[in-house]
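J.:
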Amino acid sequence: MDDEIILPYKGPLEGLILKSSRLLEVVSSVDITLYPLNKSYIETGITVYFPGEYTGVVTNNNLQASNGIIMPHGSIILNGVCEVKIMLFNLGTSTYRIKAGITRIANLVLVKGLSIDKEIKLLNRII
1341 MDDEIILPYK GPLEGLILKS SRLLEVVSSV DITLYPLNKS YIETGITVYF PGEYTGVVTN
1401 NNLQASNGII MPHGSIILNG VCEVKIMLFN LGTSTYRIKA GITRIANLVL VKGLSIDKEI
1461 KLLNRII
């Protein structure tokens, strides 16, 4: 990467696992029990700043899907610095335990922002 991406982590086990130059696996910075049919915002301890045109895209970790744990996919677009929190839903029938520094809860993909160079005209008809 040409630009510097700063991702400090203040958790117990240095909670980012670098999979490639732009894919990070994120773990929780706190122990949490996620009960069936409930949601929770999971603290990651990661504070991010994306320079230039970079943004972060958060995706679900496949390990959780088999346990009924889902998350809304989203992007992180920043003008400053903030902590990343991940929202998880437990759609399963069993409690799901998240261990600080161990349980992988999401993937964070760093991408360079896209821009639209041409004006888009809306059609005023139904197709």
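Our numbering puts the first residue of the sequence shown at 1341, with every later residue one more than the last. Backbone N, C-alpha and C fix where the C-beta goes; we use that ideal spot for every residue, glycine too. Only a predicted model underlies this, so the values are computations on that prediction, with no experimental measurement involved.
Alpha carbon to alpha carbon, how far is N1407 from T1435? Give it in angstroms, no decimals.
T.: Locating residue 1435 in the sequence shown gives position 95, counting from the first residue. Locating residue 1407 in the sequence shown gives position 67, counting from the first residue. Approximately 9 Å, taken between the alpha carbons.
J.: Measuring only the C-alpha atoms, how far is V1424 from N1447?
T.: Translated into positions along the sequence shown, residue 1424 becomes position 84. Translated into positions along the sequence shown, residue 1447 becomes position 107. Each residue's alpha carbon lies about 12 Å from the other.
J.: What three-state label does DSSP hand A1405 in the structure shown?
T.: Locating residue 1405 in the sequence shown gives position 65, where the first residue counts as 1. DSSP, read as helix, strand or coil, puts A1405 in helix.
J.: Just checking my contact of I1445 with D1371 at CB under 8 Å: how many whole Å lie between their CB atoms?
T.: As a position in the sequence shown, residue 1445 is number 105, starting the count at 1. As a position in the sequence shown, residue 1371 is number 31, starting the count at 1. Not quite, the Cβ-Cβ distance comes to about 12 Å (not below 8 Å), so this is no contact.
J.: Taking the alpha-carbon positions, what's the E1383 to I1426 distance?
T.: The count along the sequence shown starts at 1 and reaches residue 1383 at position 43. The count along the sequence shown starts at 1 and reaches residue 1426 at position 86. Each residue's CA atom was taken as its position, placing E1383 and I1426 some 7 Å apart.
J.: Could you check the C-alpha separation between I1409 and E1393 for me, to the nearest Å?
T.: Walking along the sequence shown from the start, residue 1409 turns up at place 69. Walking along the sequence shown from the start, residue 1393 turns up at place 53. Going by the C-alpha atoms only, they are around 31 Å apart.
J.: DSSP beta-bridge partners for I1445?
T.: Mapped onto the sequence shown, residue 1445 falls at position 105. Under DSSP, I1445 shares a beta bridge with no residue.
J.: Specify the secondary structure class of V1388 as computed by DSSP and reduced to three states.
T.: One-based indexing of the sequence shown puts residue 1388 at position 48. Strand at V1388.
J.: Please report the residue range of the beta strand (DSSP E) in which L1363 lies.
T.: Position 23 of the sequence shown holds residue 1363. Run containing L1363: L1363 to V1367, per the beta strand (DSSP E) assignment.
J.: Just how far apart, CA to CA, sit V1388 and G1396?
T.: Stepping through the sequence shown from its first residue, residue 1388 is reached at position 48. Stepping through the sequence shown from its first residue, residue 1396 is reached at position 56. Rounded to whole angstroms, V1388 to G1396 spans 9 Å at the Cα level.
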